[in-house]
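Trainee:
Number of protein chains: 2
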Amino acid sequence: MDRIDHGIIDRLRLNARAGYADIGAEVGLSASAVKRRIDRLVADGVIRGFTVQVDPAVEGLATEAYVELFCRGTVSPTDLKRILAGVPEIVEAGTVTGEADAIVIMRARDVIALEDALEKVRAAATVDHTRSAIVLSKLITRTAG
Amino acid sequence: MDRIDHGIIDRLRLNARAGYADIGAEVGLSASAVKRRIDRLVADGVIRGFTVQVDPAVEGLATEAYVELFCRGTVSPTDLKRILAGVPEIVEAGTVTGEADAIVIMRARDVIALEDALEKVRAAATVDHTRSAIVLSKLITRTAG
DNA sequence: TGCCGTGGTCGATTCGATCCATACGCACGA
DNA sequence: TCGTGCGTATGGATCGAATCGACCACGGCA
């Protein structure tokens, strides 16, 4: 992970379908050297995968919510992970400092679908209650971009 | 945006570097037909770009926080956007329902850098106070996956 | 019937995967 | 000190595969 690797990753972030020769021209390496480095980055797990950024509105996942999770007693992160893994609407989740035990980001087609998904989370015995904040308008979206 | 388009996007989501022929074999189209559809999806803005998923820890952005923003009086989303756009550590932000005016997701190298970034947000005159929740452990990460 | 959108085929070109020779850094021992 | 061997990284050449663009065929529709 030197400066060149970071340069390659930056280029791939902008366009994951860029050719090796193009990337090489920008970072000052030959195409084969670039390929070797990318292969190594993938093998090492630094690059987890190549994907597309899709307009969320088109995908039909226009409704998003941040949900604070409050649990009964003490729940291990492992248990929490198992509970949340079963809800596909959950995009991101993590245990956090502060009042809540975890914060969950959910994405669904509409508010109805969101409520259904939220109900699935609430159904877990360990979940005491939740506090939701539905996203009204997106101000900044720099995820993978 | 028919069923085939969704199939193509699903394939690309898993591997944005997949060949047209491979994708075509899965959705039942020839390679050139797949290319035409992908070109159209890009031109129409459905596909915003091709990117890589990088291990955040390797990228040196190991510390993440969810921050609730409370503003003085009423602040328009436009003003809020302008304020937040100047802080590069902000990954995502949106106005929300509920107590807080907005929720901001920040990512930084460590807690120190996070605090610095948070200070920049707090410096804005319209920001009354903030409530942060630092992520202890990531449970689910399905962003673009 | 003519037009438009969509898909298949084909050939020229480009790109990617793989091998080979080479250069640098470094430890080891004569 | 010098030479040798090893591991790592690079650049170039090669061959096969993928991509790109042009052309034509088919079906729905006014």
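So the sequences go chain by chain: Z and U.
For the first sequence, the UniProt record's numbering assigns the number 1 to the initial residue and increments by one for each residue that follows.
For the second sequence, the UniProt record's numbering assigns the number 1 to the initial residue and increments by one for each residue that follows.
Ideal Cβ positions, reconstructed from N, Cα and C, are used throughout, including at glycine.
Computed from a predicted structure; not experimentally measured.
Is residue 19 of chain U helix, strand or coil by DSSP?
Mentor: Three-state DSSP puts residue 19 of chain U in coil, outside helix and strand.
Trainee: Quick check: the Cα distance between residue 127 of chain U and residue 100 of chain Z, rounded to an integer number of angstroms?
Mentor: Rounded to whole angstroms, residue 127 of chain U to residue 100 of chain Z spans 23 angstroms at the Cα level.
Trainee: Kindly provide the ranges of any beta strand (DSSP E) runs that are 3 or more residues long and lie completely inside the UniProt domain "HTH asnC-type" (1 to 62) of chain U, ordered along the chain.
Mentor: The UniProt domain "HTH asnC-type" (1 to 62) of chain U contains these whole beta strand (DSSP E) runs: 47 to 54.
Trainee: Between residue 13 of chain U and chain Z, is the shortest Cβ-Cβ distance under 9 angstroms, so that the two count as touching?
Mentor: Judged by the 9 angstroms Cβ criterion, residue 13 of chain U is in contact with chain Z.
Trainee: Can you pull the chain Z neighbours of residue 76 of chain U, defined as C-beta to C-beta under 9 angstroms?
Mentor: Neighbours of residue 76 of chain U on chain Z: none; closest Cβ ~11 angstroms, over 9 angstroms.
Trainee: Applying the criterion that 16 or more other CB atoms from any shown protein chain within 10 Å of the CB defines a buried residue, is residue 40 of chain Z buried or exposed?
Mentor: When all chains shown are included, residue 40 of chain Z counts as exposed.
Trainee: Which same chain residues, not among the five before or five after residue 56 of chain Z, have their C-beta less than 7 angstroms away from its C-beta?
Mentor: Excluding sequence neighbours, residue 56 of chain Z sits near 62.
Trainee: Under 9 angstroms Cβ-Cβ, which residues of chain U neighbour residue 119 of chain Z?
Mentor: Those do not exist, as residue 119 of chain Z stays about 18 angstroms from chain U at its closest Cβ, beyond 9 angstroms.
Trainee: Using only the alpha-carbon positions, how far apart do residue 70 of chain U and residue 124 of chain Z sit?
Mentor: Approximately 31 angstroms between the Cα atoms of the pair.
Trainee: Of all Cβ atoms in chain Z, is any one closer than 9 angstroms to the Cβ of residue 70 of chain U?
Mentor: Judged by the 9 angstroms Cβ criterion, residue 70 of chain U is not in contact with chain Z.
Trainee: Closer than 7 angstroms, Cβ to any Cβ of chain U: which residues of the stretch 85 to 96 of chain Z, in chain order?
Mentor: For the stretch 85 to 96 of chain Z, which is checked against every Cβ of chain U, the residues closer than 7 angstroms are 85, 90, 91, 92, 93, 94, 95 and 96.
Trainee: Taking the alpha-carbon positions, what's the residue 79 of chain Z to residue 86 of chain Z distance?
Mentor: Going by the C-alpha atoms only, they are around 12 angstroms apart.
Trainee: Does any CB atom of chain U fall closer than 9 angstroms to the CB of residue 45 of chain Z?
Mentor: By this cut-off, residue 45 of chain Z is an interface position.
Trainee: Look at the Cβ atom of residue 51 of chain U, then the Cβ atom of residue 13 of chain Z, and state whether they are nearer than 9 angstroms.
Mentor: Yes.
Trainee: Going by the CB atoms, is the gap between residue 66 of chain Z and residue 137 of chain Z shorter than 9 angstroms?
Mentor: Their beta carbons are not under 9 angstroms apart, which means residue 137 of chain Z does not touch residue 66 of chain Z by this criterion.
Trainee: Between the stretch 118 to 140 of chain Z and chain U, which residues of the former have CB atoms less than 9 angstroms from a CB of the latter, in chain order?
Mentor: Residues passing the 9 angstroms Cβ filter: 131, 132, 133, 134, 135, 136, 137, 138, 139 and 140.
Trainee: Closer than 7 angstroms, Cβ to Cβ, to anything on chain U: give me those residues from the UniProt domain "HTH asnC-type" (1 to 62) of chain Z, in chain order.
Mentor: Those would be 1, 9, 12, 13, 15, 16, 17, 45, 46, 47, 48, 49, 50, 51, 52, 53, 54, 55 and 58, in chain order.
Trainee: How would you write the range of the alpha helix (DSSP H) that residue 113 of chain Z sits in, first residue to last?
Mentor: Unbroken alpha helix (DSSP H) run through residue 113 of chain Z: 111 to 122.
Trainee: Residues in its own chain within less than 6 angstroms of residue 31 of chain U by CB, not counting five upstream and five downstream?
Mentor: Cβ within range, chain order: 20, 21 and 24.
Trainee: For residue 78 of chain U, does the three-state DSSP call read helix, strand or coil?
Mentor: Three-state DSSP puts residue 78 of chain U in a helix.
Trainee: Using only alpha-carbon positions, find the residue among U:43, U:84, U:75 and U:58 that is nearest to residue 110 of chain U.
Mentor: Nearest of U:43, U:84, U:75 and U:58 to residue 110 of chain U, Cα basis: U:58.
Trainee: If you measure from the beta carbon of residue 100 of chain U to each beta carbon in chain Z, is any gap under 9 angstroms?
Mentor: Yes, residue 100 of chain U lies at the interface with chain Z (some Cβ there is under 9 angstroms from its Cβ).
Trainee: What residues from chain Z crowd round residue 80 of chain U, counting only those whose CB sits closer than 8 angstroms?
Mentor: The contacting residues are 139.
Trainee: Where does residue 85 of chain Z fall in DSSP's three states?
Mentor: It is helical.
Trainee: Distance, Cα to Cα, residue 129 of chain U vs residue 33 of chain U?
Mentor: Straight-line Cα distance between these residues: approximately 54 angstroms.
Trainee: Closest to residue 4 of chain Z by C-alpha separation, out of Z:15, Z:35 and Z:17, would be which residue?
Mentor: When only C-alpha atoms are compared, the closest one is Z:35.
Trainee: Could you tell me whether the Cβ atoms of residue 104 of chain U and residue 93 of chain U are closer together than 9 angstroms?
Mentor: Yes, the pair counts as a contact, with Cβ atoms nearer than the cut-off.
Trainee: Can you tell me which of Z:6, Z:106, Z:18 and Z:77 puts its alpha carbon nearest to the alpha carbon of residue 95 of chain Z?
Mentor: Looking at the Cα atoms, Z:77 is the closest of the given residues.
Trainee: Around the C-beta of residue 43 of chain Z, are 16 or more other C-beta atoms found within 10 angstroms, so that it is buried, or is it exposed?
Mentor: Residue 43 of chain Z comes out exposed.
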